[in-house]
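Enquirer: For reference, the structure I am asking about is given below.
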Amino acid sequence: KAGVTQTPRYLIKTRGQQVTLSCSPISGHRSVSWYQQTPGQGLQFLFEYFSETQRNKGNFPGRFSGRQFSNSRSEMNVSTLELGDSALYLCASSSSTGGAGGYTFGSGTRLTVV
Amino acid sequence: AQKITQTQPGMFVQEKEAVTLDCTYDTSDPSYGLFWYKQPSSGEMIFLIYQGSYDQQNATEGRYSLNFQKARKSANLVISASQLGDSAMYFCAMREVASNDYKLSFGAGTTVTVRA
Numbered sequence: 011k012a013g014v015t016q017t018p019r020y021l022i023k024t025r026g027q028q029v030t031l032s033c034s035p036i037s038g039h040r041s042v043s044w045y046q047q048t049p050g051q052g053l054q055f056l057f058e059y060f061s062e063t064q065r066n067k068g069n070f071p072g073r074f075s076g077r078q079f080s081n082s083r084s085e086m087n088v089s090t091l092e093l094g095d096s097a098l099y100l101c102a103s104s105s106s107t108g109g110a111g112g113y114t115f116g117s118g119t120r121l122t123v124v
Numbered sequence: 045a046q047k048i049t050q051t052q053p054g055m056f057v058q059e060k061e062a063v064t065l066d067c068t069y070d071t072s073d074p075s076y077g078l079f080w081y082k083q084p085s086s087g088e089m090i091f092l093i094y095q096g097s098y099d100q101q102n103a104t105e106g107r108y109s110l111n112f113q114k115a116r117k118s119a120n121l122v123i124s125a126s127q128l129g130d131s132a133m134y135f136c137a138m139r140e141v142a143s144n145d146y147k148l149s150f151g152a153g154t155t156v157t158v159r160a
């Protein structure tokens, strides 16, 4: 079966711009979560969606937002980009409980802010 | 407080040898899951193995095994018969079930380099 698809793979944006990243989960998975990975902070949780509802949000400023569509695809948006937003953004999907079935990650979107 | 601690920033291992990656965790939740992921330079996080807090047996998946010591809050990953393709970053992660926060907490990771 198809894995988790994240688009685009690479992005270069200018400070102050906004960006939208997309994540298509594994078919049948209704939970999508987002993580930011930087060399300094490691992997940090951004938010999680299940059936179009945000169930949890990490400690990020309001410039970071997301949504989930009825087909479980998810998007995250970052407005007013800052240099510190340069990171690998990873999306993970899971069936619901995220137990033994695990979380399946996509290949990530590497965002560079210049 | 750090929930997942990986104390080995980097390790070198000879091809065909076994390597143990350390992971300790901190939680008061009686129900939790522990995960190990491999991240090659391409960036994708590849799921390796899972251990539930109530599982009686240590988890194994092919060349990967998890040495789960609940009382010590330790969940070390053992990779047997290392291969060159095992060179990557390895992350230990935990999900706490009772908190219902639906997220994974990750450690800082361990870089493994396999030498021929």
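Keeping their order, the protein sequence lines are chains A and B. Heads up: the first sequence begins at 11 in my numbering, then just goes up one per residue. Heads up: the second sequence begins at 45 in my numbering, then just goes up one per residue. Note that the Cβ used here is the ideal one computed from N, Cα and C, for glycine as well.
Could you check whether the region 78–90 of chain A touches the region 45–63 of chain A, counting it as contact only if at least three pairs of C-beta atoms, one from each stretch, sit closer than 8 Å?
Expert: With the cut-off at 8 Å, the region 78–90 of chain A and the region 45–63 of chain A touch.
Enquirer: Run through chain A and tell me which residues come within less than 8 Å of F79 of chain B, C-beta to C-beta.
Expert: Per Cβ cutoff of 8 Å: G112, Y113.
Enquirer: Assign T90 of chain A to one of two classes, buried (16 or more other C-beta atoms within 10 Å of its C-beta) or exposed (fewer than that).
Expert: It is exposed - the Cβ of T90 of chain A has fewer than 16 other Cβ atoms within 10 Å.
Enquirer: Quick check on Q47 of chain A: buried or exposed, where buried means 16 or more other Cβ atoms within 10 Å of its Cβ?
Expert: The residue is buried, with at least 16 neighbouring Cβ atoms inside 10 Å.
Enquirer: Less than 8 Å between the C-beta atoms of Y146 of chain B and S43 of chain A, yes or no?
Expert: In contact: Y146 of chain B and S43 of chain A (Cβ atoms closer than 8 Å).
Enquirer: At a Cβ threshold of 8 Å, is G118 of chain A touching chain B?
Expert: So yes, G118 of chain A belongs to the interface.
Enquirer: Please list the segments of the beta strand (DSSP E) lying wholly inside the region 62–116 of chain B, counting only runs of 3 or more residues, in order along the chain.
Expert: Listed in chain order, they are 63–65, 76–83, 90–96, 108–113.
Enquirer: If the cut is a Cβ gap below 8 Å, which residues of chain A does K147 of chain B touch?
Expert: S43, F55, E58, N66, G68, listed in chain order.
Enquirer: Would G151 of chain B pass as a contact of C67 of chain B if the rule is Cβ separation under 8 Å?
Expert: Result yes, Cβ atoms of G151 of chain B and C67 of chain B sit closer than 8 Å.
Enquirer: Beta-carbon separation of Q54 of chain A and C33 of chain A under 8 Å?
Expert: No, Cβ-Cβ distance for Q54 of chain A and C33 of chain A is not below 8 Å.
Enquirer: Between the region 57–90 of chain B and chain A, which residues of the former have CB atoms less than 7 Å from a CB of the latter, in chain order?
Expert: Here the close residues are G77, F79, S86, G87, E88, M89.
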